[in-house]
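All remarks here apply to the structure that follows.
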Amino acid sequence: MAVLVIVHCSDSSWGNAAAITKWHLERGFETIAYHYVILNGRLSPFKMHMEYDGHIETGRPLDDDNDFELDEKGAHAFGYNMAVGLCLIGLSGTFSDSQIRALDFETRKLRKQFGEIIVKQHSDVDPKNKPHCAGLTKLQMNTLNKI
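Numbering (this note's numbering), first residue to last: 3 to 149.
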């Protein structure tokens, strides 16, 4: 059975897994909602760190086996907790080339781990509330899904 991977944007110009964890805790979450966060180099609103552009940080844990289990569930898309959540730091559709390469790398890694995966954007599973999240193009989505 295919594992669903949902791509999100942070809808912020800066951030990292620690910042998102703080934001999510403030909203009543147990911890960060996503399994992976792909940075844009802006770790704070004030300074760019180019060496972190495209860097992948872990959020919620996933183990190394090929089963997506209950203890690995996310909290990133209502009704889709049994999906892997990837978050790109940035506003919808404004991602760097390094972030897109990192997203491709991470989806390849997940495909190797789980076998078949299906990649969707948050807007695909919640078009009413999140119509522009993550803002990837059709070509980018086709590439991630190897179509």
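Each residue gets a CB set at the ideal place from its N, CA and C atoms; glycine is no exception.
Just so you know, these numbers come straight off a predicted model, no measurement behind them.
Sub-8 Å separation of residue i and residue j beta-carbons
i: H134; j: G87; result: no
i: G76; j: A21; result: no
i: Q101; j: L112; result: no
i: L105; j: V9; result: yes
i: C11; j: G117; result: no
i: S2; j: P47; result: Because the chain is modelled from 3 through 149, residue 2 falls outside the range shown and cannot be assessed.
i: H124; j: K130; result: no
Collapsed DSSP secondary structure at residue i in the structure displayed
i: L6; result: strand
i: I120; result: strand
i: L90; result: strand
i: S98; result: coil
i: K75; result: coil
i: A136; result: coil
i: N144; result: helix
i: D69; result: coil
i: K114; result: helix
i: A104; result: helix
i: D128; result: coil
Reference residue i; option with closest CA among the options
i: D13; options: N68, I40 and A4; result: I40
i: L146; options: M3, I120, E59 and M50; result: I120
i: D65; options: Q115, S125, E53 and H124; result: Q115
i: D69; options: N144, F80 and L6; result: L6
i: A19; options: Q142, G61, V127 and P129; result: G61
i: T139; options: D67, F97 and E59; result: F97
i: K148; options: N131, K130 and K122; result: K122
**Report entry** Ordered list of beta strand (DSSP E) runs contained in the region 9-67, each at least 3 residues
**Finding:** 38-46 and 49-60
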